[in-house]
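S.K.: To start, I am sharing the structure in question, which I have written as structure tokens.
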Amino acid sequence: MAAVLATGEDRFEGVRLLVESAAGIAPRDGDLKTVRHLRFGRPGIDRGRWSEISAMGWLGIRLPETAGGAGLGMAEYAALAGEVGAALLPEPFIEAQLALDFMGKDAPAEALSGDRLVLPAWLDAPDGLTLAGGIAEAAGGRISGRRRFVPMAAAADAFLVVSTEACWLIDAKAAGVSLEIESALDGGHTATLILDGVEAERLSAPDAKALEAAALATASALLGLMERAFAITLDYLKTRVQFGQPIGHFQALQHKAVDLEIEIGLTRAVLRDAVETFDTGDDCRRITSRAKARAADAAMLVTRQAVQFHGAIGYTDEADIGLFLRRAMVLAPRYGSAGFHRQRYASLTEGRP
Amino acid sequence: MAAVLATGEDRFEGVRLLVESAAGIAPRDGDLKTVRHLRFGRPGIDRGRWSEISAMGWLGIRLPETAGGAGLGMAEYAALAGEVGAALLPEPFIEAQLALDFMGKDAPAEALSGDRLVLPAWLDAPDGLTLAGGIAEAAGGRISGRRRFVPMAAAADAFLVVSTEACWLIDAKAAGVSLEIESALDGGHTATLILDGVEAERLSAPDAKALEAAALATASALLGLMERAFAITLDYLKTRVQFGQPIGHFQALQHKAVDLEIEIGLTRAVLRDAVETFDTGDDCRRITSRAKARAADAAMLVTRQAVQFHGAIGYTDEADIGLFLRRAMVLAPRYGSAGFHRQRYASLTEGRP
Amino acid sequence: MTATVSLAAPQPHADLNPLPDADFRAAVRNWIAASYPQELRSPPKRLHAAEAMPWYRILSQQGWLAPGWPRQYGGMGLSPSKLLIMIEEMERYGCARLPDTGLTMVGPLLIAHGTDAQRAYHLPKILSGEIIWCQGYSEPDAGSDLAALRTSAVREGDQWVINGQKVWTTLGMDAQWIFVLARTDPRAAKQKGISFFLVPMDTPGVTVRSILNIDLHDEFAEVFFDDVRIPADAIVGEVNEGWTIAKNLLGFERLFLGSPKQSEGALDHLERLCHHLGKSGDYASLLNGLRMELEDHKSFYTTFADRVRRGETLGPDVSMLKINQSALYQKIADRIMDVAGELGTLAGQVPDAPTLYPGSVFLQARPTSIYGGSSEIQRNIVARQVLGLGR
Amino acid sequence: MTATVSLAAPQPHADLNPLPDADFRAAVRNWIAASYPQELRSPPKRLHAAEAMPWYRILSQQGWLAPGWPRQYGGMGLSPSKLLIMIEEMERYGCARLPDTGLTMVGPLLIAHGTDAQRAYHLPKILSGEIIWCQGYSEPDAGSDLAALRTSAVREGDQWVINGQKVWTTLGMDAQWIFVLARTDPRAAKQKGISFFLVPMDTPGVTVRSILNIDLHDEFAEVFFDDVRIPADAIVGEVNEGWTIAKNLLGFERLFLGSPKQSEGALDHLERLCHHLGKSGDYASLLNGLRMELEDHKSFYTTFADRVRRGETLGPDVSMLKINQSALYQKIADRIMDVAGELGTLAGQVPDAPTLYPGSVFLQARPTSIYGGSSEIQRNIVARQVLGLGR
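Protein chains in written order, with our numbering: chain V, 19 to 371; chain U, 19 to 371; chain L, 213 to 603; chain H, 213 to 603.
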């Protein structure tokens, strides 16, 4: 069951329809063959599905219509991210969106249409949600420097290199670009992007709120992921028989399952409030940190406990439940780990309301 | 069941006999009427039982026979403290012992015989296991200053005032002595001792290892207390019927009970190793900190969970189980809380073995 | 923008929902500071009704007694976000808990299931403080297994005759009325044949005996019914349909017990304790983590409070709210003991800081996972009725 | 006093128990540093038998393969405190885990229950590495409910004929022999009528298929038995008494799985990870707390290891040791992910720190609460057999 994280009746209905429409691309009950098929390959994504995603108008969903976007808000974006998360799609939906959000009105039409996949390269440390400096621009607009942990970099047509003072658009095949690619646990990959005098198009300085949107969308993806992992696990508890009865009859497992349902409910509630705060335009950093920290911890708890509920079969690669755990491991630290966000919450909290 | 925390067969047997002999004074299965009777009264102890305790030779158990003690070790002391803890005796067995250990060969015969109850006054903060300064000695040997959290102070015939540089023996009724007494949760009390030019007998500087012994004995008292609280709770789980069966048949309660048994087992094991280290004469501070931290946390967990297992009846004063929780609350921070001992462990750990 | 409205003295019975949240908070804060009886600030034990009555009456006159009731019945009809602000401000000021059974349970129950006559008679008397209510649910052998209750009600002419015993009745000595679950069909299956009655405590045959709790406070009572005769219209709902009403009432109770009120008060206590000990810095990370958990719990609370405000019935999933609040409250109370050192051993207040009483906070947090259905029972309910894991 | 003894090269097969602990530690540390194959240091996955064999042989020659076996059978007969030191030193150096089923299970089993002939044949071959063992317990429909197993052994003349399927056989592809639980009396009650057999894997009719685990390592196998014929003396203990032997063996397994080895390795990993990230200071309190828990677990381990050393049989309470070790190991592994940030997302080693592989440590910690009887099953056992809470 997908959660609609919106209050207000009209908007609620709009988000509900959007979620329904997502089922064709990102079904909650489909098999995971294509996910398995793309694992550990390069570029590791399905360009056909990427075109479908853009055809649905999901790219630039938060950009104003004048900038070629859909003019919708965080509630709609989060809802789609939740479906993409639940479907374990490997396509870098949130990353591409982040690049578009960073570029805003500068976003090129080919990026919005999905024809040119632009991925953001902004991170310079193993953890955080803070823009970094360290990109040097030489005369003639050539840039040098490096960015770490660029997800799905091998699939990119272009990179948006982001620093505190500016963004630069570069072609992935431009001279001076090199990638050090590492496989990620979910079958995707992550890369260090090294720039050595690369020809670049300089754009405006990035809007840091784009990172808040990415963090919230990731929290939503984690919510979708844990909801589906839990649903699969409940089915297993109802059907797997040991000692002459379904294991879901055992009270100790029942009580643990309830604790997971509570974690999911908490995540959904916090995310709802966070999305609402984002869309009202208020400073949403504290509640974004709450949402991302809760979602990361809850998703890890739910998916690792889901593996435990599955017993030995859950520890094999052939069981789908492990795909959810491995994706949770990859998404949990993205756009700031729970620990990072707890620290940020503390540093943003001075006194009490 | 009492645990014998000694390895080595001869000693094991000796400790076992000692524990057996304690049953007359500190029974594990007696009713708790006398404990209830003494609660919230002053002086709050039974001097008749105190005489019995001294007649058993328990006072000065660790002092050499030449100093009027029993010449036994930490294993024996801890075993007795465990029985006193399990019986919830209000008499300040560990405190009196601490005074004797501080005094060593200076210990007066009336203190060893139990005729004169000497209680130590050494603490100057709400938490810790560190000797304090701040006792001023004027010409003529009169002392001034204050000490906090002196347990059962109203029962004392004399106080041993302890500072980093010396101990002083003072009469409880001496001029210049005043007590600010607060009731404690277990029905005992604790006092701030204020000294204003009090006539005092100066003794040697205290041996800080006496505090380690007191901390270990308290850990053992907490162990005895949690063992008995758990035994009472197991009985309740086996007899209380709800939904047509003993509540101990419910798996969720079974599993929680197992986790408490594990905590008790861990405490027993750590305490055994700590007592052994103490008795070998090695530096025992790190393992004392482990033992006290574990015992404090485990006793709080076991007793509060024991109350939960008892349901509503556990939350009434008439249920005995609450006496164990309230005593655990009083003993847990004594001679250093779990938090204090974790910090001490860290500060004593430089590198690894 | 927010500073010019006169918020120091909000009008009694005014609709405060239109105020922006920040203004509402200022209004509540100022009004409490101006109105709260100082001698009742941060009491170390739950107050008896007579002790709490000055504050009860002040809230009554202001129209703030029943923040969650619809305005048409004399409540404030507050949105969940404003309800949370009100809870925060009251807890932080140290406002005492009221004898609130009428406000949190009987009122919502009668609004949903009472007759017009019952509403007309009882709601104003709850709001004025004329009638303080208590609850007659548990029995000595029907605690977790509430439906095993044996108190009976037999119809004789135009009266019901009640016999039996209730226990764990909070503030039972203080109440003028009690609501009672009693068995009206001894031959029916366990949950069938139970009915729901409203009984004045001064009816002949009712006797009350107080029980001392673990914190040595006479918070509870046993209530005995010996041929207690009440009129036929003292029933709520239909005969033998009391279990349904009781379950519905448990929904309200779980929402109330799931409110962040207790955790807010406890976390405030912990923060003040750390400050008193000069250790706020040492425990900054602990305090921040608990604060985040509490704020998350408030979001969870909003989920359910919103439903009530929309007029929906609370389902079995509200048990999750109570489980989470109990766990959080007890976790905070546990940390209070961790931090307190020897101050946690005192039976009363800390001598030089009388708004601190760490040991009592810890003990008072114990029953929250027991009363109103233990956390184990709540998990059974959710497992079976929400997750479908029953046999 | 402790420095003058020549500890760099302890004699093979020497009795090291008389050494003071500090000297023993120095001897072990020096010997490992001098002897351990560098290319096997801190492998990110469990090694296959062929990969681990160089280290296996080095330990064999030194006489250090079986620290817990009595010296008369070729073990070291180490005291628990020295065993703990050996575990600490090996984990901290990053020594790989061996294919250890023969050492930890079959050896102790045959010492306790085998015939003289079985001991004489098998123990030397385990100690030399000639025979690597694996375990045939679980079946697809007999996991937690192990006694529901359906693999059968039928007596035909002087042979047993085995048919059925085993699963979750660790390193089943690497082993030369397997020990198998099979049903020998299909009409007896569930736990009766099971026997315990020793089977060479190259017997006709045995087939092995590997299974990829969640960390994408072919750690497990399924083993199929299709009319597998073994001689009459391939049984351990009496016919239909296999369940008793299996339970006894589970005691050894739980002692082994309850050893602090895995937690020690994981905590070492966490400490190195924090150091690598420059955050040892930030996480000092976390690391200290885990270190204390681990040391406490070692004390707990000593309780049970002492019993084995005294020749006592381990009772059902050893399950508590495994529960606690699983919980601690997983807790440390969870913290590794908390600390790792994006480094925890990598499928392989951290590029500039190849002895770090946080994601794999986390995944490898998953099954510890499942295999050898899940933590839930272990709690059932303790509740019923130790606490007497059974139905």
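Beta carbons: idealized from backbone N, C-alpha and C, even for Gly.
1) Taking 7 Å as the limit between beta carbons, can you name the residues of its chain near residue 180 of chain V, skipping five residues before and five after?
2) The beta strand (DSSP E) that contains residue 345 of chain L, what's its start and end?
3) Output the distance between the C-alpha atoms of residue 154 of chain U and residue 220 of chain U, rounded to the nearest integer angstrom.
4) Excluding the 5 residues preceding and the 5 following residue 228 of chain H in the sequence, name in chain order all residues of the same chain whose CB lies nearer than 8 Å to its CB.
5) Give the residues of chain H in contact with residue 162 of chain V, contact being defined as C-beta atoms less than 9 Å apart.
6) Since residue 37 of chain V is in the alpha helix (DSSP H), which residue starts that stretch and which ends it?
7) Can you list, in chain order, the residues of its chain with a C-beta nearer than 7 Å to that of residue 344 of chain V? Leave out the 5 residues immediately preceding and following it.
8) On the premise that residue 145 of chain V lies in contact with residue 553 of chain H, defined as a C-beta separation below 8 Å, what is that separation, rounded to the nearest angstrom?
9) Please report the distance separating the alpha-carbon of residue 588 of chain L from that of residue 273 of chain V.
10) For residue 532 of chain L, which residues from the same chain have a beta carbon less than 7 Å from its beta carbon, with the 5 sequence-adjacent residues on both sides left out?
11) In the DSSP assignment, find the alpha helix (DSSP H) that holds residue 486 of chain H and state where it starts and stops.
12) Taking all protein chains shown into account, decide if residue 216 of chain L is buried (16 or more other Cβ within 10 angstroms of its Cβ) or exposed.
13) Kindly indicate which residue of V:208, V:40, V:241, V:78 has the alpha-carbon position closest to the one of residue 318 of chain V.
14) Which residues of the segment 472–506 of chain H have a Cβ closer than 8 Å to any Cβ of chain U? Give them in chain order.
15) Using a Cβ cut-off of 7 Å, which residues of the segment 263–278 of chain V contact any Cβ in chain U, in chain order?
16) Given that residue 311 of chain U touches chain H, what residues does it touch there, using C-beta distances under 7 Å?
17) Just to make sure I have the definition right: I need the residues of chain A whose C-beta is within less than 8 Å of the C-beta of residue 334 of chain V. Which are they?
18) What does the alpha-carbon distance come out to for the pair residue 263 of chain L and residue 342 of chain L?
19) Under a Cβ-count criterion, where at least 16 other Cβ atoms within 10 Å of its own Cβ denotes burial, should residue 50 of chain U be classed as buried or exposed?
20) In three-state terms, what does DSSP make of residue 161 of chain V?
21) What is the rounded straight-line gap between the Cα of residue 563 of chain L and the Cα of residue 584 of chain L?
22) On the criterion of 16 or more Cβ atoms from any shown chain inside 10 Å, does residue 443 of chain L qualify as buried, or is it exposed?
23) What does DSSP give as the partner residue(s) for residue 377 of chain L in the beta ladder?
24) Which residues, in chain order, does the segment 511–524 of chain H contribute to contact with chain U at a C-beta distance below 7 Å?
25) Grouping DSSP H, G and I as helix and E and B as strand, with all else coil, what is residue 207 of chain U?
26) Any beta carbon from chain L within less than 7 Å of residue 224 of chain U's own beta carbon?
27) On the DSSP bridge list, what partners appear for residue 189 of chain U?
28) Compare the C-alpha of residue 157 of chain U against each of U:216, U:169, U:109, U:178 and name the closest.
29) With a cut-off of 7 Å, does the C-beta of residue 280 of chain V fall near any C-beta of chain L?
30) Under 8 Å: do the segment 494–508 of chain H and the segment 277–287 of chain H share three or more Cβ pairs, one atom per stretch?
31) Within the continuous alpha helix (DSSP H) that includes residue 120 of chain U, where are the two ends?
32) Can you name the residues that DSSP bridges to residue 264 of chain U?
33) Straight-line CA distance for residue 288 of chain V to residue 75 of chain V?
34) What's the gap between the Cα of residue 170 of chain V and the Cα of residue 109 of chain V?
35) Report yes or no: is there a C-beta of chain H within less than 7 Å of the C-beta of residue 338 of chain V?
36) List the residues of chain V that residue 418 of chain L touches, going by C-beta distances under 8 Å, in chain order.
M.R.: Reading off the structure:
1) 120, 138, 139, 140, 149, 224
2) 345–348
3) 12 Å
4) 222, 236, 239, 288, 290, 294
5) What residue 162 of chain V touches in chain H: nothing, since even the nearest Cβ is about 21 Å away.
6) 27–40
7) 203, 204
8) 3 Å
9) 8 Å
10) 594
11) 473–488
12) With a pLDDT of 40 at residue 216 of chain L, under the threshold of 50, the modelled position of this residue cannot be trusted; read the value that follows with caution. Burial call: exposed.
13) V:241
14) 496, 497, 500, 501, 503, 504
15) 268, 269, 270, 273
16) 504
17) Given the protein chain composition of this structure (V, U, L and H), no chain A is represented.
18) 14 Å
19) exposed
20) strand
21) 34 Å
22) exposed
23) L:436
24) 511, 512, 514, 515
25) strand
26) no
27) U:176
28) U:216
29) yes
30) no
31) 111–121
32) U:259
33) 27 Å
34) 8 Å
35) no
36) Ordered by position in chain V, no residue passes the 8 Å Cβ test against residue 418 of chain L, which lies about 38 Å from the chain.
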